[in-house]
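Student: Submitted below is the structure of interest, expressed as structure tokens.
2 protein chains.
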Amino acid sequence: MDATERREQILVCATRLFEERPHHDVSTAEIAVAAGVARPLVHHYFGTKRTLYLEVLRRLYFIPPLSPAGLPSGSLEATVEVVLDRWLEGIWRHRNTWVATISVGGPGSDPDVAAIMREADEVVADRLIEAIGLSADPDVARLRALVVAFGGLAKASTRQWLVAGTLERSDVHRLLVAALLTIVRDVYPR
Amino acid sequence: MDATERREQILVCATRLFEERPHHDVSTAEIAVAAGVARPLVHHYFGTKRTLYLEVLRRLYFIPPLSPAGLPSGSLEATVEVVLDRWLEGIWRHRNTWVATISVGGPGSDPDVAAIMREADEVVADRLIEAIGLSADPDVARLRALVVAFGGLAKASTRQWLVAGTLERSDVHRLLVAALLTIVRDVYPR
DNA sequence: GGACGCTGTTGACACGAAGTCAACTCTAGC
DNA sequence: GCTAGAGTTGACTTCGTGTCAACAGCGTCC
């Protein structure tokens, strides 16, 4: 089999396993069996188990969708409403992956893992800022930091919606719209 | 040495190690050396390494302070301002521990870890609701869910402040005050 | 056609960490 | 002094990771 195909196949199997179980009790042997290959081949393609895990993470984190096209032109409020509605739509469509990505760890978690998440958070923040048409603003760095923080609210609220079931989708939408508008209007301006 | 003392000593050493390094490369042997005991003793007191880790987590998560006493009586806005200011003060005082607790993991992270964090988040949310004097409200469950989500904003923004350095403390304070007021006034009411 | 080299693949080994167990030490009570 | 029990540990077993040399398929050159 072709090298890139095999690599991809192993990566897919590993992703599935890492999504559904704690990574410490997913062994490379198990991944190899799932992919129908011998264990050393996993190491051949990905080096260490840790490298493979990080690659799975990158793939998961950068799948989350935020359709950048077809943004509505209108008041800030209307734009934010639509953008966040679409965003929640995408979250719902990929809810399994999303829940996996926002599941949390604790102290002693991997700094490389944290770095990947941080980078992904910033990419999402930039897209969001672009979607609401503020990417040309001076002092965007500060706005970005605020929107990254907003991302924490987004993750936590979608978890309440999708995992805990203590919030409805409409609650989450209202919360996020109100929070983002507050940030842009009241908190961001010096 | 007395059993509880020894247990405590091992727990303290383990906490220090888990705080500063990824838990997968902290070995029980290392913990044992740090505590000046033989490795099996660690297992004797805590069973598995996982159990010890979870106990460290519980201790870390439930240390975070939110002084419940001396709440100011006045407008909602003034109360929220003071409560969050004090909260940030506590965060700053225990910033190392705090940063350790909000450091993130990824998919495949432990469900037990997630459960501990979720419980801690709810405790903090309840204290916050109590501090702003809304714990007697009907439909508190929904408010609590919203405040738990707000906790996500609080974590992410304090991370921007303490780790990334992209926000000032005053930024975080303004952000959290505005967001919490928005939640209580605009989002929470049906 | 056979030798050669390259890529994909694997069996077998080395190393290290987790968890278990029987045995040792020391103190308290008879 | 002797026993009982708690605290403690050395030694062993098991398991997972990572490495290495070797094998199989296949295209290429003499």
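Note that the protein sequences, when read in sequence, are chains A and B.
When you line the first sequence up against UniProt numbering, it's residues 1 to 190, in that order.
When you line the second sequence up against UniProt numbering, it's residues 1 to 190, in that order.
The beta-carbon is built from N, C-alpha and C at its ideal position, and this holds for glycine as well.
#1: To the nearest angstrom, how far is it from the Cα of A14 (chain B) to the Cα of V99 (chain B)?
#2: Quick check on DSSP: helix, strand or coil for R21 (chain B)?
#3: Is there at least one Cβ from chain A nearer than 8 Å to I183 (chain B)'s Cβ?
#4: Along the stretch 120-148 of chain B, where does the CB come closer than 9 Å to a CB of chain A? Name the residues.
#5: Using a Cβ-Cβ cut-off of 8 Å, state whether D85 (chain B) counts as contacting chain A.
#6: Provide the residue span of the alpha helix (DSSP H) that contains E77 (chain A), from first to last.
#7: On a Cα-Cα basis, can you pick out the residue from B:Q9, B:E19, B:R127, B:L84 that is closest to V172 (chain B)?
#8: Do I116 (chain B) and K155 (chain B) have their C-beta atoms closer together than 8 Å?
#9: Give me, in chain order, the residues of the same chain whose beta-carbon lies closer than 6 Å to that of V177 (chain A); leave out the 5 immediate sequence neighbours on both sides.
#10: For the putative contact between I129 (chain B) and V140 (chain B), defined by C-beta atoms under 8 Å, what is the C-beta separation to the nearest angstrom?
#11: Roughly how many whole angstroms lie between the Cα atoms of I49 (chain A) and E122 (chain B)?
#12: Whose Cβ in chain B lies nearer than 8 Å to the Cβ of P22 (chain A)?
#13: Taking the alpha-carbon positions, what's the T51 (chain A) to T158 (chain B) distance?
#14: Where Q9 (chain B) and E5 (chain A) are concerned, what is the direct C-alpha to C-alpha distance, given to the nearest angstrom?
#15: If I measure Cβ to Cβ from F46 (chain A) and keep anything under 6 Å in the same chain, skipping five residues before and after, which residues do I get?
#16: For chain A, check one thing: does any of its Cβ atoms lie closer than 8 Å to the Cβ of Q160 (chain B)?
#17: Are A125 (chain A) and G151 (chain A) close, meaning C-beta to C-beta below 8 Å?
#18: List the residues of chain A whose Cβ lies closer than 7 Å to the Cβ of D186 (chain B), in chain order.
#19: Helix or strand or just coil, what does DSSP make of L167 (chain B)?
#20: Let me know if F18 (chain B) comes out buried or exposed under the rule of 16 or more other beta-carbons within 10 Å of its beta-carbon.
#21: Along chain A, in chain order, which residues have C-beta atoms closer than 7 Å to that of R174 (chain B)?
Tutor: Looking at the coordinates:
#1: Translated into positions along the second sequence, residue 14 (chain B) becomes position 14. Translated into positions along the second sequence, residue 99 (chain B) becomes position 99. If I take the Cα positions, the gap works out to 17 Å.
#2: What you label residue 21 (chain B) is simply residue 21 of the second sequence in a count that begins at 1. Coil at R21 (chain B), not helix or strand.
#3: For the purposes of this step, residue 183 (chain B) is taken as residue 183 along the second sequence, with counting starting at 1. Yes - at least one Cβ of chain A is within 8 Å of the one on I183 (chain B).
#4: D121, A141, R142, R144, A145, L146, V148
#5: As a first step, residue 85 (chain B) must be located in the second sequence, where it is residue number 85. It does not: the Cβ of D85 (chain B) has no partner Cβ on chain A nearer than 8 Å.
#6: Here residue 77 (chain A) refers to the residue found at position 77 of the first sequence. Unbroken alpha helix (DSSP H) run through E77 (chain A): 76-93.
#7: On the second sequence, residue 172 (chain B) is found 172 positions in, with the first residue counted as 1. Closest option to V172 (chain B), Cα to Cα, is B:L84.
#8: Position 116 of the second sequence, counted from the first residue, corresponds to residue 116 (chain B). Position 155 of the second sequence, counted from the first residue, corresponds to residue 155 (chain B). No.
#9: One-based indexing of the first sequence puts residue 177 (chain A) at position 177. Only V80, E81, L84 meet the Cβ criterion.
#10: Taking the first residue of the second sequence as position 1, residue 129 (chain B) is located at position 129. Taking the first residue of the second sequence as position 1, residue 140 (chain B) is located at position 140. About 7 Å separates the two Cβ atoms, so the contact holds.
#11: What you label residue 49 (chain A) is simply residue 49 of the first sequence in a count that begins at 1. What you label residue 122 (chain B) is simply residue 122 of the second sequence in a count that begins at 1. For clarity, residue 49 (chain A) is Lys in the given sequence; the question names Ile instead. Taking the straight line from one Cα to the other gives about 35 Å.
#12: Position 22 of the first sequence, counted from the start, is the residue given in the question as residue 22 (chain A). Within chain B, the residues near P22 (chain A) are G108, S109, D110, P111.
#13: One-based indexing of the first sequence puts residue 51 (chain A) at position 51. One-based indexing of the second sequence puts residue 158 (chain B) at position 158. So the two alpha carbons sit approximately 29 Å from each other.
#14: Here the question's residue 9 (chain B) lines up with position 9 in the second sequence. Here the question's residue 5 (chain A) lines up with position 5 in the first sequence. When rounded, the distance between both Cα atoms is 52 Å.
#15: By 1-based counting over the first sequence, the position of residue 46 (chain A) is 46. Contacts found: L52.
#16: For the purposes of this step, residue 160 (chain B) is identified with residue 160 of the second sequence, where counting begins at 1. Chain A, which has a Cβ nearer than 8 Å to the Cβ of Q160 (chain B), makes this yes.
#17: Working through the first sequence from its first residue, we reach residue 125 (chain A) at position 125. Working through the first sequence from its first residue, we reach residue 151 (chain A) at position 151. Yes, these two residues count as a Cβ contact at 8 Å.
#18: Working through the second sequence from its first residue, we reach residue 186 (chain B) at position 186. Residues of chain A passing the Cβ test: A178.
#19: By one-based count along the second sequence, residue 167 (chain B) stands at place 167. Of the three classes helix, strand and coil, the one that applies to L167 (chain B) here is coil, per DSSP.
#20: Translated into the one-based positions of the second sequence, residue 18 (chain B) becomes position 18. By the neighbour-count rule (16 or more Cβ atoms within 10 Å), F18 (chain B) is buried.
#21: As a first step, residue 174 (chain B) must be located in the second sequence, where it is residue number 174. What R174 (chain B) touches in chain A: V187.
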